[in-house]
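Only one structure is covered here, and it is reproduced in the block below.
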Amino acid sequence: MARATARHILVSTEAKCNELKAAIEAGADFAEVAKQHSTCPSSRDGGNLGSFGRGQMVKEFDTVVFSAPINVVQGPVKTQFGYHLLEVTDRQD
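Per the UniProt record's numbering, the very first residue in the sequence shown carries number 1; after that it's consecutive.
Written as C-alpha cells, this is what we have:
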C-alpha cells in the first residue's frame with residue numbers, strides 16, 4: 001500500500017498561502033513558517049503530518065500528496081479546511 005510522509009501549512013486565504021509559498025521559495029524555512037502561520041495543530045511540529053496511507057486525507061490533499069515530486073512545495077491546495085501548502089518528504093508507492 002502506498003504511504004507518504006508530508007508536512008503542510010494551513011491558512012484561511014489563497015493570498016496568504018501564495019505569500020507564504022513565495023517566502024519559502026525565497027529561502028524561508030518551511031517548518032518555521034508553519035510554526036508562525038499555520039492554523040493546524042501540526043504547526044507546533046513544523047507542519048509535520050507524519051506517515052499516512054492513500055485515502056486517509058481529504059481527496060484534494062490526497063491527490064497532490066500521492067502525485068507530487070518529493071521535497072517540492074505544492075499549493076495552494078484548497079480543501080474544506082482552507083488553503084494548504086504541501087511538501088511530500090517521503091513516499092513509498
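No residue lacks a Cβ here, since even glycine has one placed at the ideal position from N, Cα and C.
Distance from the CA atom of V72 to the CA atom of Q92, rounded to whole angstroms, is 16 angstroms.
Counting only residues of its own chain and dropping the five nearest sequence neighbours on each side, V33 has a CB closer than 7 angstroms to the CB of I9, L20, A23, I24. A Cβ-Cβ contact shorter than 8 angstroms links L86 with A6. Within the same chain, A6, R7, H8, S42 come within 7 angstroms of L49 by CB-CB distance, once the 5 residues on both sides are set aside. Per DSSP, the unbroken beta strand (DSSP E) holding I9 starts and ends at 3-11.
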